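Numbers in the numbering used here are just positions in the sequence shown, counted from 1, shifted up by 190. Backbone N, C-alpha and C define an ideal beta-carbon position, used for all residues, glycine too. Just so it is clear, the structure is predicted and the values come from calculations on it, not from any experiment. Right, one structure below, let's go through it.
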Amino acid sequence: MARLLLLIPTTSYRVKDFMNAAHKSSVNVTIGSDEESVLNTFQSSGILQLKFDDLNESIEKIKTFHKSYPINSIIGVEEQTCFLAVKALEKLGLPHNSIGSIKASINKYLFRNTLKKNGLPNPNFQCLKPNHDIRTL
């Protein structure tokens with residue numbers, strides 16, 4: 191059975207929804223979190239404690255875990271975990287999104303510029319400074 195590493199910060203309100211979806215997909219789920227104890231109620235085994243603010247240490251822990259429990263995919267469910275997911279998948283030699291796509295997904299201006307550059311439809315837009323007088327638009 192495939193194994194999914196789900197990277198979820200303890201501050202996330204999405205834990206239950208992601209766990210329900212993962213279980214419906216019939217995959218083994220390992221939770222990667224910044225605090226082990228918070229998620230034990232959802233799954234007593236398969237928890238990997240990581241320091242999301244230390245990319246290199248977290249990647250090494252994931253690589254070590256992968257040797258014993260092969261991971262098929264990693265999903266980061268919040269901004270801070272998406273970059274870790276991409277970098278870890280890259281190091282494991284598994285399919286992954288680009289860092290550019292992650293950056294575009296969290297920055298609306300970059301996202302819209304990417305759509306425009308690739309000839310895809312999107313509304314007119316411009317980036318304004320916080321103190322811009324909107325009456326001049």
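Distance, Cα to Cα, residue i vs residue j?
i	j	result
N314	H256	45 Å
S234	P285	Unreliable placement is indicated for S234, whose pLDDT of 47 sits below 50; no coordinate value is reported for it.
G266	E247	16 Å
R302	K253	35 Å
N312	T304	10 Å
M209	S295	23 Å
E250	N218	21 Å
K241	S223	8 Å
Would you mind working out which of the options sits nearest residue i, comparing C-alpha positions?
i	options	result
I237	L194, S288 and L305	L194
L282	I261, S291 and E268	I261
N297	I324, E269, H322 and E280	E269
Label residue i either buried or exposed according to how many other C-beta atoms from any shown protein chain fall within 10 Å of its C-beta, with 16 as the threshold for buried.
i	result
G309	exposed
T201	exposed
Using DSSP's beta-bridge definition, name the partner residues of residue i.
i	result
V219	L194
S288	In the DSSP output, where bridge partners are listed per residue, S288 has none listed.
I264	L195
Problem set entry | Validate contact between the segment 267 to 278 and the segment 289 to 300 using beta carbons, cut 8 Å, 3 pairs | yes
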